[in-house]
Structure formats: C-alpha cells, structure tokens
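Beneath this line is the structure, given in structure tokens, with notes to follow.
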Amino acid sequence: MSDVIWVNAEIIDEKITPTTLEMLTKAAEIGKAEAVLLGPAPEDATQTLATFGAGKIYRCADAVYRDYLTLPAAETLAGLIEKHKPAVMLFASSYAGRDLAANLSARFDCGAITDVGDFQLKDGSVEATIPALGGSYQVTATLVNPGTKLLIVRPKSFDAKASEQPLAVEEVSAPSGDVLKKIHVKERVAVKREGPQLEGAKTIVSGGRGLKGEEHFSLLKDLAELLGGAVGATRAAVDAGWVPYAMQIGQTGKTVKPDLYIACGISGAVQHLSGMKTSKVIISINKDAEAPIFQYSDFGVVGDLFKVIPQLIAELKARKGA
Amino acid sequence: MVRKGVAHELDPAAASAVEEGLRLTEKHGGTVTLVTMGISDATIGIRNALAMGATSAVHILDDSVAGSDTLGTAKVLAAAIKKQPFDLVICATESSDSYSGIVHGQVAQLLAIPALTFAKEIAVDGNKISIHRQSESGYDVVEATLPALVAVSSGINEPRYPQLKGIMAAKKKEIKVYTAADLGLGADQVGEKGAREKILTVGRPPKRQAGKVVTDEGEGGKQIADFLAEIKVI
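Spelled out as structure tokens, the structure:
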C-alpha cells in the first residue's frame, strides 16, 4: 500500500480550518501528505497547506463547490480518488466533512470510520483509534475493503505543526451537470455571537442542567470574565433553550482543549466528556458527589454552585485587588 | 414520508424527527411511515411513535443484521424505504447511542436523493424543501427539490407526548416486518460479516488521574481560588 494520505481541506470564514492543519500534520508525520482544496479560498490558502506538510495540492477554485453542497465536491473527489488511489483520505468531523465522507463511503461501497482520534498505516490498511463512550473506552477499528480508506477525524486530535513543503499545486477541473446542483445554498447567515469565543479560549467556564435557567448563565459569564475565558454549555442547557448552539461542548457540539475548564452543574455525561476531557486542568462544582465529572476533575467541590461560584468570584476579585 | 429510529425506546432524537414529520403532514397532507431497524424490543419505540400519530411502521427485524456498520445500516434502511413511494425521508442527525452522524448521508446516496443535513428548521412549499442548516458561523438557507432526505438537529422541536387516544389507536396500526433477505440484502452486505468497518480491539484508555474532591462547608469558592493560585492561574 502506498503511504499517500489525502486531507480534504476546508475553508470556514475565509480561513483554512484548524482541523485541516491538524490532519495534515499527522498525515505528514506518518506518510506523504497531500491536500484537496475545492471552492473559493483566500490567496494564501495553498501556501498554508504546503507549510503544514502538503507535498501536493489538488485545487479547483470554482464557485460550484461553495454554492451547491456535497454533490459537486463528492463527484470531483471520487474522480481524483479513482485516478490517484491514495491510501487514506481524511475528512474533518465537520458539517461538510461528514456529508462528503458519507456520500463517498456509499458510492465506493467502502464504509468509513467516524469519530477517529488517531490512526496508523498498518498491514496494508489503516488502524484507527476511536474514543468511545466519551473516552471511557478506546476502540480500534479498520476498513476491510480494498481501495482508499475514508476516515472522519475529530477536531483537536493532533497538534498542528509546520513542516514546510515546496508549493506544488495541480489544478483540477470542476464537474459539470445540473444533477450535481441539487442542494443549493441560497444564503449564508452569520449569527452574531457575543463575548469571547470557545475556539482557542485558554479558559472555559461551562454550565449544565444544574444552572437551572437562562438567567443564571450571567454568573458563569462573570466568572469567565475574571479569568479571561469564554462560556460554554452542555447539550442539556442548549436543548433547554437557555443558550445558543454555538456554545455547546460535547459530541454533537464543539470539542475544546483549554488550559482550564470549569464545569458548573455538569454531571459529566459521556457525550459532554468527549468534548472536553482532554482539557489540561478540570475543576468541577456539582451538588451530587456521585457525578461522573468528579472522576475527570483535578479539583472538585461537592456543593451548591449558587453559593460556591459567587464566593469564588468575590475571592478572585479580592485577590486581584490585593 | 418515512423516517428511521433505532433503540428500544423511542430515541429523543428520533422523536424529534417523528414530530417534524407529523407537523409537515398536518400542514401539507400525507402520511408518516416509521422505518426502523432493531431488535424485537424496538416495538416499544415503534408503538410510541405510532401513538404520537405516525400512520404505520416498517420494522427490519433480523438477527443477520446485528453488528452492521454504518454503511450496512444505511443499506438496510435505504432498501426498506425504497419499498414504498415517498416524498421526504426525515432522519435524526445522530442517535443518542451512536454518534457516527453519517448514516443519513449514506442512505441519501443509496437512494440517489439530495441530503439536507443538520437542519434546525424545515419548510416545504410544493415540491421544494428549504432548511436552515447549522453552520460553524450561524446557518445556511439550503434548498432542494423533493424527493429528498433531511436530517434534523436535536432541539428542532419539542416532540409531543402520546395521548391516550393515540396510544389506543396505535395498537391497531400496521407494523410491517422485513428480514434482510426480504430486502434483497445478503451476508456480504449487512451484519457483522458484511461490515466494511471491523472492530479490532476494545480497551480502556490510560486513565486520567482523578484529583481532589472536597465537600463545600462554606469555603468551597475559596478552596477553588486556592487551587487556582496553586496551579498559577491567578
């Protein structure tokens, strides 16, 4: 088997996504990394991909990939995969990445491994490591069909590191045919988000069901502000309508890896743990001493968060003033 | 209208998909057929969806489909869906017990219909379907022509509770049962043998060292501040 590993490069908000660069770094470490970049992108995008290890970049800037979801990109990728037969193709566990990998895995009848946290090339195939049940189990899996193996990779699984490659771009042509234009993106709406963002935050203060209501999130905001951090939430808090989805951390939300994570009124359901358990330091406050979150915490307080957090805030203010 | 759900009880994500189907048929007419693959206990979940108001159900009940990977599951669902006419397939984005989130995309490809995924709002107008699709920075307004598949995000709606009348009516509703063979799927396609994805090992990852847990006796907040000072955050 060749050791060529392709990465589906994604652009979000005019930038190559961090997960793209993380996957490239890993690919370059264990094989020959190459990238496919489809759709409009900033001018320096190909250079960025080369900087993070892409020895070759297949590129088409046609707007069809931006204006019509999944099908044009899947068509181009299918053609490229058949022609060049890379050993592995990596997709980010993002909205676009999952749709593309799903389409290709059915098209090639080859399946795909989802939720991949790490992988190696092994015995002519691939061995992927999947953190299961919020990381309390670790599963390894492989794909048995011949041909390119499709992996869907969790964000933050690898650290992105530069490993300069000379810029080598191969232009590819856009597919034609109205049959590929079935899923039309009519409009992109940016929802304004307030306060510091979870992505890249060094400190995150996060709230769950124990917050009991929307109004109490201001308590977390005050604490986060004092620590220079951002506020996150569990799916329970988001589903209850207390905070927007953009704040959701966990399996169906964001994966974060801050230096400090403060879990408030969060029991530690596996779905939430999988999105934050690799944080460097975890502090938790929960009234239930049996809450699983304590098993993952460096420091835990069993108590009423409505008493503990105000005291912590007062204490931080006092010590700052001192 | 068709939708899929797994698990013994109706999965909350699946309940949202059923609810969305019911709302659309209440507005535009038509019927909701539940399609599910699962063990015989799944009947509980199916009756629950029928009690909510779904018209009928299709249950793929067959030991030979046990151990299917995502693609095997998608093949079963797609084959079952194909057996009746439909305008729209509604799926949950991710079931609560498995988070792969690609089965719906595979089903759509196998049915050769467009997949509108991560929907947090759905509107149907004639043969057009338009959704608000979650995006990293907000949402996209995405449109397609029916027939299509839509995967709904959790929290898209508040699923209704079955009422007594619905529960009584559900007892008389039809549940069609199929095997993989009924759907023309052999052991090379579904079940553990047909899986493209093979599990090699299941183990425990290196455990994170659990830290100190204290009970708040009026000093909890201060103790956290002390800990933060200890690790030099403040």
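Quick note, the sequences are listed as chains A and B, same order.
Under our numbering, the first sequence has 90 at position 90, and the numbering climbs by one with no breaks.
If you want our numbering, it's the position in the second sequence, counting the first as 1, plus 1000.
Ideal placement from N, C-alpha and C gives every residue a C-beta, glycine not left out.
These numbers come from a predicted model, not from an experiment.
Going by DSSP, which residues form a beta bridge with residue i?
i	result
A/P40	Partner(s): none; A/P40 has no beta bridge.
A/N8	A/V36
B/H1132	B/E1121, B/V1141
A/P131	A/Q138
A/L143	B/E1197
A/M89	A/W6, A/L150
A/S284	A/A263, A/G300
Taking only three categories from DSSP, how would you classify residue i?
i	result
A/Q120	strand
B/D1097	Caution applies to B/D1097, whose pLDDT of 47 falls short of 50 and renders its modelled position unreliable; the model cannot decide the point.
B/R1204	coil
B/N1048	helix
A/L151	strand
B/Q1163	coil
B/V1177	strand
B/D1041	coil
A/Q251	coil
A/D115	strand
A/R319	helix
A/E14	coil
A/A291	coil
B/E1217	coil
A/S218	helix
A/F299	strand
A/I30	helix
A/E187	strand
B/G1021	helix
A/L77	helix
A/T278	coil
B/A1148	strand
A/A240	coil
B/S1064	helix
A/A314	helix
B/K1027	helix
Which residue from the options puts its Cα closest to that of residue i?
i	options	result
B/A1169	B/E1026, B/I1039, B/A1051	B/A1051
A/E187	B/V1089, B/I1081, B/I1131	B/I1131
A/V230	A/N286, A/D222, A/T114	Strictly speaking, residue 230 of chain A in this sequence is Ala, with Val absent from that position. The option with the nearest alpha carbon to A/A230 is A/D222.
B/I1199	A/L80, A/T278, A/I113	A/I113
B/Q1084	B/A1042, B/L1034, B/S1068, B/A1123	B/L1034
A/G177	A/P40, A/E75, A/F217	A/E75
A/A50	A/V64, A/A28, A/G39, A/C60	A/A28
B/L1149	B/F1227, B/I1102, B/K1193, B/A1187	B/I1102
A/S157	A/S274, A/V172, A/G268	A/S274
A/G117	A/L80, A/A132, A/G213	A/A132
A/L150	A/P175, A/S105, A/G241, A/V169	A/S105
B/T1145	B/E1158, B/D1125, B/A1151, B/S1068	B/D1125
B/E1174	B/Q1109, B/S1056, B/P1147, B/D1226	B/S1056
A/E214	A/A237, A/L198, A/L316, A/I57	A/A237
B/Q1163	B/V1202, B/M1037, B/N1048	B/N1048
A/L90	A/A9, A/E164, A/C60, A/P42	A/A9
A/L77	A/T203, A/I57, A/D13, A/V270	A/I57
A/A87	A/L38, A/T70, A/S2	A/S2
A/F208	A/I152, A/G53, A/R235	A quick correction: the sequence has Gly, not Phe, at residue 208 of chain A. Among A/I152, A/G53, A/R235, the Cα nearest to that of A/G208 belongs to A/R235.
A/V36	A/I11, A/T48, A/M23, A/V7	A/V7
B/I1129	B/L1061, B/P1147, B/A1066	B/P1147
B/E1136	A/L316, A/T17, A/M276	A/T17
B/T1201	A/Q47, A/L316, A/I130, A/N103	A/I130
A/K182	A/S136, A/L71, A/V169	A/L71
Examine the ligand ZN and report whether any of its heavy atoms sits within less than 7 Å of the Cβ of residue i.
i	result
A/E127	Looking for the ligand ZN in the displayed structure turns up nothing, as the structure carries no ligands at all.
- Message: Short of 8 Å Cβ to Cβ, which residues in the segment 163-186 of chain A face chain B?
- Response: K182, I183, H184, V185, K186
- Item | Members of the segment 290-307 of chain A near chain B, C-beta cut-off 8 Å | F294, Q295, Y296, S297, D298, F299, G300, V301, V302, G303, D304, K307
- the segment 1204-1227 of chain B: which residues have C-beta closer than 7 Å to a C-beta of chain A, in chain order? Listed by position, the residues of the segment 1204-1227 of chain B near chain A (Cβ gap below 7 Å) are R1204, P1205, R1208, A1210, G1211, K1212, V1213, V1214, T1215, D1216, G1220, G1221, K1222, Q1223, I1224, A1225, F1227.
- Identify each residue in the segment 1152-1181 of chain B for which the Cβ-Cβ distance to at least one residue of chain A is less than 9 Å, and report them in chain order. S1153, S1154, G1155
- Message: Beta carbons nearer than 8 Å to chain B: which residues of the segment 109-120 of chain A have them?
- Response: D109, C110, G111, A112, I113, T114, D115
- Query: Should the segment 240-247 of chain A be regarded as contacting the segment 1009-1020 of chain B, the criterion being three or more beta carbon pairs within less than 8 Å?
  - Reply: no
- Query: Can we say the segment 271-288 of chain A touches the segment 247-263 of chain A, given the rule of at least three CB pairs closer than 8 Å?
  - Reply: yes
- Assess, as a yes-or-no matter, whether the segment 135-145 of chain A is touched by the segment 22-38 of chain A under the definition of 3 or more beta carbon pairs within less than 8 Å. Flag = no, the segment 22-38 of chain A and the segment 135-145 of chain A do not touch.
- Message: Short of 7 Å Cβ to Cβ, which residues in the segment 74-93 of chain A face chain B?
- Response: none
- Message: Does the structure place the segment 298-307 of chain A close enough to the segment 1210-1222 of chain B that three or more beta carbon pairs sit under 8 Å?
- Response: yes
- Query: What are the residues of the segment 1089-1120 of chain B that lie near chain A, defined by any Cβ-Cβ distance shorter than 7 Å?
  - Reply: E1094, Y1099, S1100, G1101, I1102, G1105, Q1106, Q1109, L1110, P1114, A1115, L1116, T1117, F1118
- Task: Quick one: which residues of the segment 1-18 of chain A get their C-beta closer than 7 Å to a C-beta of chain B? List them in chain order.
- Result: I12, D13
- On the three-pair Cβ rule with 8 Å, is the segment 1056-1072 of chain B touching the segment 1179-1197 of chain B? yes
- Message: Give me the subset of the segment 1070-1086 of chain B whose CB atoms are less than 9 Å from a CB atom of chain A, sorted by chain position.
- Response: T1070, L1071, G1072, A1074, K1075, A1078
- Item | Positions along the segment 1028-1057 of chain B whose CB lies within less than 7 Å of some CB in chain A | Per Cβ criterion, the list is empty.
- Contact between the segment 161-173 of chain A and the segment 1107-1125 of chain B: three or more CB pairs below 8 Å? no
- Message: What are the residues in the segment 1135-1150 of chain B lying within 9 Å of chain A by C-beta distance?
- Response: S1135, E1136, S1137, G1138, Y1139, D1140, V1141, V1142, E1143, A1144, T1145, A1148
- Anything in the segment 1184-1206 of chain B with a Cβ closer than 8 Å to a Cβ of chain A? List those residues in chain order, please. Per Cβ criterion, the list reads A1195, R1196, E1197, K1198, I1199, L1200, T1201, V1202, G1203, R1204, P1205.
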